[in-house]
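Below you'll find the structure, written out as C-alpha cells, and then a few comments.
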Amino acid sequence: MNERKASHLNYSELWEQWKEHGDLEAKKKLIENYLSIVDYVAGRLAIGLPKNVSKDDLASNGVMGLIDAIEKFDYSRGLQFETYASWRVRGAILDGLRQGDWVPRSVREKAKRIEDAYQYLEQKYMRTVSDTEISSYLDISERDFQNMLQEVSVMSIVSLEDPIREEEQETRLSLLVDEKAKNPDYKVNEFYLREALVQGIEKLTEKERIVISLLYYEDLSLSEIAEVMSLSPSRISQLHSKAILRLRGTLDKQRNLLMQKD
1 MNERKASHLN YSELWEQWKE HGDLEAKKKL IENYLSIVDY VAGRLAIGLP KNVSKDDLAS
61 NGVMGLIDAI EKFDYSRGLQ FETYASWRVR GAILDGLRQG DWVPRSVREK AKRIEDAYQY
121 LEQKYMRTVS DTEISSYLDI SERDFQNMLQ EVSVMSIVSL EDPIREEEQE TRLSLLVDEK
181 AKNPDYKVNE FYLREALVQG IEKLTEKERI VISLLYYEDL SLSEIAEVMS LSPSRISQLH
241 SKAILRLRGT LDKQRNLLMQ KD
C-alpha cells in the first residue's frame, strides 16, 4: 500500500492493514492520527513541573509510548484505543521524568517528612489531622508548611504512578482501575491495597477528595480544577499534594504489612 492509499482509509481499515498485513504506511498514519493524545497528556503533565522540564521532552517520550501502544494494541477486541494509548503515553512520559531524576533530593526529603508525619499522626489519632497539627509535629510554622507543600507539589504528579514495589511494574494508581486477572496471591494483595486506598480516600478532606476525583477520574487539569472550585491554582496544587502524601502513607503502611506476611 502506498501513502496516498493509506491516507484515504478509515481507522478500522488502517488497524487491519497494520495488524493483519504489517503495512508500515498504515502504522505511520495511525501514529499521525493519534498524536493529539500525546499533546494532551504532555500538556496536562507539564502543569506544575519545574521550568527546566520542557514540554517538547515530555512529548518526545510520549510519542515513544504512543508507538508502543499502537504496536501492542489488540484492535480486534473492540476496545477504545484512546484510553489504552493515554495510559501508555502517560507511563512513557513519567518513565522519562524518573530517569531524568528531575526532583532534587531536598524536595524528596521534604515530601518524605510530610508523608511520615501524616502516617504517624493519623494512625495515632485515628482521624484526619489538621495543618496546625502537622506543622506542630514538624516543628515549623503553618506558613512554612504551606511553602513546603508548594515545593513538593511537582513531585506529587508522579506519586501514584510510582511502582508499589521497586522491582514491580504495578503502580498505586493501577489499584483505581480494573485490570486483567492476576494470580491468586497477587489478587489477595491487590484486594488489601485497594481497601487501604479506599479508606485513605475516605479520610481526605472534602476539598482534597474533590481534587483527586476531578484530576484522576474526570481528567481535568489543575488549572481547570481551580476554575471549577473557585480557588487559585497554587491552592489546588497544595490540596493535591496533601492528598497524595496522605494516600502514599496509607498505601506504604499496607504494603509493609503485606511484605511482612510474604
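Okay, so the sequence shown: first residue is 1 according to the UniProt record's numbering, each after it adds one.
Even glycine gets a Cβ: it sits at the ideal position worked out from N, Cα and C.
None of these values were measured; they are calculated from a predicted model.
Collapsed DSSP secondary structure at residue i in the structure displayed
| i | result |
| --- | --- |
| residue 233 | helix |
| residue 212 | helix |
| residue 25 | helix |
| residue 218 | coil |
| residue 141 | coil |
| residue 250 | helix |
| residue 41 | helix |
| residue 153 | helix |
| residue 223 | helix |
| residue 34 | coil |
| residue 54 | coil |
| residue 10 | coil |
Pair within 7 angstroms by beta-carbon distance, residue i and residue j
| i | j | result |
| --- | --- | --- |
| residue 129 | residue 138 | no |
| residue 61 | residue 85 | no |
| residue 135 | residue 145 | yes |
| residue 309 | residue 67 | Any property of residue 309 remains undetermined from this structure, which presents the chain solely from 1 to 262. |
| residue 251 | residue 208 | no |
| residue 237 | residue 153 | yes |
| residue 37 | residue 107 | no |
| residue 241 | residue 149 | yes |
Spatial neighbours of residue i in its chain, beta-carbon cut-off 6 angstroms, leaving aside the 5 residues before and after
| i | result |
| --- | --- |
| residue 55 | 42 and 46 |
| residue 223 | 233 |
| residue 13 | none |
| residue 21 | none |
Spatial neighbours of residue i in its chain, beta-carbon cut-off 7 angstroms, leaving aside the 5 residues before and after
| i | result |
| --- | --- |
| residue 174 | For residue 174, the predicted model reports a pLDDT of 47, less than 50, meaning its position is unreliable; a value from the coordinates is still stated below. Around residue 174: no qualifying Cβ. |
| residue 214 | 220, 225 and 228 |
| residue 243 | 204, 208, 211 and 212 |
| residue 10 | none |
| residue 27 | 18 and 70 |
| residue 133 | 121 |
Close Cβ partners of residue i (< 8 angstroms) along its chain, the five nearest in sequence each way excluded
| i | result |
| --- | --- |
| residue 95 | 61 |
Interface flag, residue i vs chain C, CB-CB below 7 angstroms
| i | result |
| --- | --- |
| residue 228 | Given the protein chain composition of this structure (a single chain), no chain C is represented. |
State whether the segment 97-111 contacts the segment 70-78, with contact taken as three or more CB pairs (one from each stretch) at a distance under 8 angstroms.
no
May I have a chain-ordered list of the beta strand (DSSP E) segments no shorter than 3 residues that lie completely inside the segment 71-145?
none
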